[in-house]
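Here the protein sequences line up with chains A and B, keeping their order. For the first sequence, counting from 1, position 266 maps to 693 in this note's numbering; every step adds exactly one. For the second sequence, counting from 1, position 51 maps to 478 in this note's numbering; every step adds exactly one. For each residue, glycine too, the CB sits at the ideal point set by N, CA and C. Data first, discussion second: the structure below is written as structure tokens.
Protein chains: 2
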Amino acid sequence: MEAAAPSSPTWQPTVKEVAKLAGVSPMTVSRTLAGGKNVRPEVQDRVLEAVHQLGYYRNENARSIRPGQASGLVGVAITNLGNPYYGNFALGVEEVAAQYGRRIVLGNTGEDTGRERQLIADFIGRQVEGLIVVPSSEDAAHLQPDSLRGTPLVLASRSVRGVAADAVVLDDVGGAYRGTRSLLVTGHRRIAYLGNVTSVFTGRRRFDGYVRALEEFGIEIDPELVRRGQQDVETASIAMHDLLDLADPPTAVFSANNRNTVGALKAIGARLNSPSKNRGILPAIVSFDDFELAELMPVPVTVVDHDARELGRETARLLFARLFGDKDLGPAREIEMPTHVRVVRA
Amino acid sequence: MEAAAPSSPTWQPTVKEVAKLAGVSPMTVSRTLAGGKNVRPEVQDRVLEAVHQLGYYRNENARSIRPGQASGLVGVAITNLGNPYYGNFALGVEEVAAQYGRRIVLGNTGEDTGRERQLIADFIGRQVEGLIVVPSSEDAAHLQPDSLRGTPLVLASRSVRGVAADAVVLDDVGGAYRGTRSLLVTGHRRIAYLGNVTSVFTGRRRFDGYVRALEEFGIEIDPELVRRGQQDVETASIAMHDLLDLADPPTAVFSANNRNTVGALKAIGARLNSPSKNRGILPAIVSFDDFELAELMPVPVTVVDHDARELGRETARLLFARLFGDKDLGPAREIEMPTHVRVVRA
DNA sequence: CTGTTAGCGCGTTCAA
DNA sequence: TTGAACGCGCTAACAG
């Protein structure tokens with residue numbers, strides 16, 4: 428009987444078709460594609476010719492259901508791809524994964540833990556070989572090893588209390604401390620804080636660094652100057668406007684992340700261009716996270732710099748070390764990547 | 428005989444284990460997971476309990492090898508994830524894909540067509556339901572329908588000559604024309620061009636718009652003012668320095684993309700801070716692609732604005748329309764997204 | 001409502 | 001060096 432004409436819109440030839448065309452058995456095709464061990468060169472040529480002619484692609488999904496066969500996929504869950512910082516992080520992960528011949532399945536959580544949970548479940552269902560997650564919260568049940576069925580997990584940027592997983596994080600406390608300190612030594616005494624809520628790992632740690640620096644200089648924290656919870660540029664800008672409207676506004680700002688920095692600078696810029704609202708205040712800013720064109724800002728800018736792409740690479744490296752390296756890496760490791768305080772514009 | 432203890436590092440329970448624990452057949456488990464049609468509620472509860480207890484995840488790969496079963500994956504190949512523009516594009520794609528319950532497999536081509544070819548082959552091997560590609564060149568063989576085995580393809584941002592695929596692009600010509608024109612009406616006559624080589628779709632079209640505007644004003648193109656081929660901030664900056672060193676430097680710059688804009692502004696900024704090199708030249712800039720903090724630049728800035736995230740959404744929508752919508756969408760469509768000239772700082 | 005059979009594409013195992 | 005048989009996890013199709 429003739430095989431039915433390819434009816435499905437996306438019909439794909441299989442080893443069978445290739446075998447028939449090459450006049451061999453499917454097994455010989457499989458062997459050829461696996462490297463050609465124990466197949467006569469002449470036969471290999473016939474097979475490869477047939478592969479080419481039919482435009483055959485090996486079905487990776489069928490392949491990966493066999494025991495011991497890897498899927499070639501790594502699941503990556505990120506909080507916000509729209510943030511250039513995480514774009515670069517993803518780039519670094521992809522780069523290293525590609526070196527290992529792996530592909531990444533990417534999901535954006537939007538800081539929503541429910542979505543994060545869904546994504547991880549889906550990833551596991553797809554037999555990913557490993558998981559890289561920028562956790563959206565301290566909600567940790569779905570990150571526990573037994574929920575993950577033994578799939579290696581590396582957390583990035585943020586760690587989670589009570590989760591015994593590898594993590595690559597930044598020297599948040601040190602960076603925030605040194606960044607804030609750089610303002611203090613310049614003479615600033617009213618330094619505002621813009622950042623995440625303390626329930627977020629980095630929010631907690633960076634605020635700690637800020638507090639530590641102020642304490643060292645014997646300065647009490649003024650709650651009025653502390654704004655937390657802004658997740659995006661819009662709300663950060665509003666918070667900054669608030670600060671500038673205070674009776675006794677800050678002379679400097681420590682911004683704990685990229686989004687808050689941009690929002691703050693937008694607010695400052697708006698004041699510059701609107702004389703009525705401009706009270707002559709041009710707060711200096713220290714930004715945890717570098718940002719493009721910082722050197723062109725109209726106010727003094729210092730950044731607590733670090734390389735998002737390298738963070739991504741390092742995270743992926745740690746994952747692959749777990750997967751393929753010496754099995755005795757020991758228990759979960761937390762790697763801290765360094766941060767560098769850099770005066771961009773004095 | 429007892430089942431062997433889970434030995435593989437990432438062993439996963441299967442329908443069989445769940446079935447045994449629930450005291451039913453694998454088929455009943457499958458049915459329950461598929462929605463529970465024709466399964467007694469009481470039995471469903473037992474099954475779900477077993478699923479929960481074992482932490483069972485359905486193997487999507489095994490699932491998708493069955494004919495007619497979709498993989499739930501969309502392959503996305505992007506030129507440069509590190510560019511915030513494409514980060515937002517990817518975000519838009521992910522967003523719409525998620526609405527359709529699809530996950531994206533992401534690859535970065537780095538403008539390398541060989542890598543693009545590999546990625547697409549891999550995607551097809553993974554049985555992706557569709558492909559979204561930002562093509563890196565006019566090299567098109569691997570994008571032809573017969574290479575793709577019927578997998579629907581939507582090109583984004585750039586189209587490719589001779590490829591009959593859907594594409595969502597920008598109004599490049601119009602945007603570049605109106606952007607350049609805005610400089611001309613302000614009185615500028617020496618307007619430099621920074622952008623891609625003309626072998627790139629957008630490079631060609633945006634240069635066309637630039638030329639058209641100059642011609643309308645009876646201005647001849649000065650080859651000295653045209654710099655093409657810069658792919659990143661670094662080289663764009665060098666090109667801009669070159670322009671500023673000319674005996675008769677430009678009074679304004681039309682930058683055809685985000686990376687060139689940032690590079691150009693960095694060069695301008697460097698001159699501002701280095702009096703020795705500063706010849707008092709502050710060229711105005713028109714940037715195809717918006718960029719953050721544009722309003723704080725020390726020179727007049729106008730952007731040819733468009734929404735990368737929306738471009739991503741629209742691209743994904745078109746793909747899903749092909750996949751699930753009315754089958755009579757007709758032949759390949761090219762959608763042009765509008766661009767808006769916006770004076771950010773006069 | 002539930003179970004049995006069969007087969008998706010591939011590759012390990014064993015036989016020729 | 002080659003092929004046949006078998007089974008990976010899952011689910012249509014067909015009993016019962």
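Which listed residue (B:580, B:701, B:586 and B:607) has its alpha carbon closest to that of residue 679 of chain B: Taking each of B:580, B:701, B:586 and B:607 in turn and checking the Cα distance to residue 679 of chain B, the smallest one comes out for B:607.
Any Cβ of chain A within less than 9 Å of the Cβ of residue 573 of chain B? Yes, because at least one Cβ of chain A sits closer than 9 Å to the Cβ of residue 573 of chain B.
Would you mind working out which of B:489, B:686 and B:611 sits nearest residue 646 of chain B, comparing C-alpha positions? B:611
Counting only the same chain and skipping the five closest in sequence on each side, list residues whose C-beta sits under 6 Å from that of residue 502 of chain A. 532, 550, 555 and 558
The region 708-726 of chain B: positions lying closer than 8 Å to chain A by Cβ: 718, 719, 720, 722, 723, 724 and 725
Give a yes or no on whether the minimum CB-CB distance between residue 687 of chain A and chain B is below 9 Å. It does not: the Cβ of residue 687 of chain A has no partner Cβ on chain B nearer than 9 Å.
Can you grab the Cα-Cα spacing for the pair residue 668 of chain A / residue 687 of chain A, in whole Å? 12 Å
Proximity of residue 683 of chain B and residue 515 of chain B at Cβ, strictly below 9 Å: no
Cβ of residue 684 of chain B within 9 Å of any chain A Cβ: no
Residue 579 of chain B and residue 746 of chain B closer than 9 Å at C-beta: yes
Short CB-CB distance (under 9 Å) between residue 430 of chain B and chain A: For residue 430 of chain B, the predicted model reports a pLDDT of 33, less than 50, meaning its position is unreliable and no value from the coordinates is stated.
Measure from the C-beta of residue 568 of chain A to each C-beta in chain B and report whether the shortest distance is under 9 Å. Chain B, which has no Cβ nearer than 9 Å to the Cβ of residue 568 of chain A, makes this no.
Any beta carbon of chain B sitting closer than 9 Å to that of residue 464 of chain A? no
Are residue 730 of chain A and residue 760 of chain A close, meaning C-beta to C-beta below 9 Å? no
Contact between the region 690-700 of chain B and the region 659-677 of chain B: three or more CB pairs below 8 Å? Yes, the region 690-700 of chain B touches the region 659-677 of chain B.
In angstroms with no decimal places, state the Cα-to-Cα distance between residue 530 of chain B and residue 661 of chain A. 29 Å
State yes or no: is the C-beta of residue 774 of chain A within less than 9 Å of the C-beta of residue 681 of chain A? This structure gives no information on residue 774 of chain A, because the portion of chain A shown stretches from 428 to 773.
Give a yes or no on whether the minimum CB-CB distance between residue 592 of chain A and chain B is below 9 Å. So no, residue 592 of chain A is outside the interface.
Kindly indicate if chain A contains any beta-carbon less than 9 Å away from that of residue 623 of chain B. For residue 623 of chain B, no Cβ of chain A is located within less than 9 Å of the residue's own Cβ.
Taking the straight line between their C-alpha atoms, what separation do you get for residue 519 of chain A and residue 583 of chain A? 12 Å
Hey, is the region 648-659 of chain B in contact with the region 472-490 of chain B, meaning 3+ C-beta pairs nearer than 8 Å? no
Determine, using beta carbons only, whether residue 533 of chain B comes closer than 9 Å to chain A. yes
Out of A:656, A:587, A:654 and A:581, point me to the one whose CA is closest to residue 749 of chain A's CA. A:581
Would you decide whether residue 562 of chain B is buried or exposed? Buried here means 16 or more other CB atoms lie within 10 Å of its CB. buried
Rounded C-beta distance between residue 599 of chain A and residue 553 of chain A? I'm assuming under 8 Å. Contact between residue 599 of chain A and residue 553 of chain A fails: their C-beta atoms lie close to 32 Å from each other, not under 8 Å.
Counterpart residues of residue 535 of chain A in DSSP-defined beta bridges: A:505
Whole-number beta carbon distance between residue 506 of chain B and residue 536 of chain B, since they are thought to touch under 8 Å: 5 Å
Taking 9 Å as the CB-CB limit, is residue 471 of chain B close to chain A? no
Which residues does DSSP list as the beta-bridge partners of residue 581 of chain B? DSSP, once it has assigned bridges, lists B:559 and B:593 as partnering residue 581 of chain B.
is_contact[residue 549 of chain A, chain B] using C-beta, thresh 9 Å: yes
Nearest by alpha-carbon distance to residue 586 of chain A: which of A:753, A:742 and A:441 is it? A:742
With H, G and I counted as helix, E and B as strand and the rest as coil, what does DSSP make of residue 756 of chain B? Secondary structure of residue 756 of chain B (DSSP, three-state): coil.
When you compare the CB of residue 461 of chain B with every CB in chain A, is at least one pair closer than 9 Å? no
Would residue 764 of chain A count as contacting chain B if we go by Cβ distances under 9 Å? no
Using a Cβ-Cβ cut-off of 8 Å (strictly less than) and excluding sequence neighbours within five positions of residue 455 of chain B, which residues of its own chain qualify? 446, 449, 466, 470 and 474
Run through DSSP, which three-state label would residue 734 of chain A get? The three-state secondary structure of residue 734 of chain A, taken from DSSP, is coil.
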